[in-house]
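Residue numbering for the sequence shown follows full-length UniProt numbering, starting at 1 and increasing by one per position.
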Amino acid sequence: MSLRAVLLITLQREPGSGYDILQRFKAGLAHVWQASHQQLYRELDRMRGDGLLACETMPQSERPDRKVYHLTDAGHRALDEWLAEPLTASPVRQPLFAKFFAWEQWPADARRDELTALQAQLAKRLVVYATIEKQWFADPASLTPAERAPWHTLRLGKRLTKTWLGWIEEVLEEDRERHVD
1 MSLRAVLLIT LQREPGSGYD ILQRFKAGLA HVWQASHQQL YRELDRMRGD
51 GLLACETMPQ SERPDRKVYH LTDAGHRALD EWLAEPLTAS PVRQPLFAKF
101 FAWEQWPADA RRDELTALQA QLAKRLVVYA TIEKQWFADP ASLTPAERAP
151 WHTLRLGKRL TKTWLGWIEE VLEEDRERHV D
């Protein structure tokens with residue numbers, strides 16, 4: 001998947017400015033895809049240049065003009081083509097796993113500190129997921145099919161994060177039991 005595909009999906013739901021799209025990322029897409037504002041604006045410009053997006057400029061007082069992007073017919077076709085492509089499981093590219101292959105050289109204190117810091121990051125992610133769920137998916141029974149799809153991805157994100165947290169706890173516990181400084 002690419003940022004381009006995520007932007008096509010986002011803009012087919014509702015046109016928006018770069019700022020609007022960033023807010024959508026923060027509100028719900030962050031568990032699916034992450035991008036800096038520089039990456040997002042660069043890709044919007046490329047997509048506009050490729051004819052996938054059009055832009056309406058809306059003057060604002062005391063602020064730069066607001067550019068509202070929407071899909072062109074070519075953008076809709078590109079999204080349809082991407083949706084028709086079969087996906088394969090993405091390889092796991094996790095630098096932490098590589099460090100595990102150098103376990104004996106990895107200083108024990110640094111290893112524990114890194115795993116503990118990762119635990120804290122993942123715990124914060126669960127809080128974000130809970131906030132998203134409360135804000136957007138408080139009553140799952142009332143969700144439309146289109147609303148249920150992102151809810152399912154959020155649920156998977158929560159499960160994966162909890163699995164990571166459990167795995168890290170197992171590793172730390174084993175390390176405490178076996179490691180002698």
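Yeah, the Cβ is synthetic: ideal placement off N, Cα and C, and Gly gets one too.
| Query | Result |
| --- | --- |
| S17 vs V68 beta-carbon contact at 7 Å | yes |
| Sequence-distant residues of the same chain with beta carbon closer than 8 Å to I9, five excluded per side | L79 |
| Distance between A146 and E174 (C-alpha atoms, nearest Å) | 43 Å |
| heavy atom of the ligand ZN below 6 Å from T131 C-beta | With respect to the ligand ZN, the structure shown offers nothing to examine, as it has no ligands at all. |
| Whether G49 touches A74 by CB criterion (7 Å) | no |
| Cβ-Cβ separation, L44 to L71 (assumed contact under 8 Å), whole Å | That belief does not hold up - the Cβ atoms of L71 and L44 are roughly 12 Å apart, past 8 Å. |
| C-beta contact flag for H37 and L22 at 7 Å | yes |
| Residue burial classification, G157 (beta-carbon count within 10 angstroms, cutoff 16) | buried |
| Cα-Cα separation, V171 to T88 | 29 Å |
| Cβ-based burial, T161 [other Cβ within 10 Å; buried from 16] | buried |
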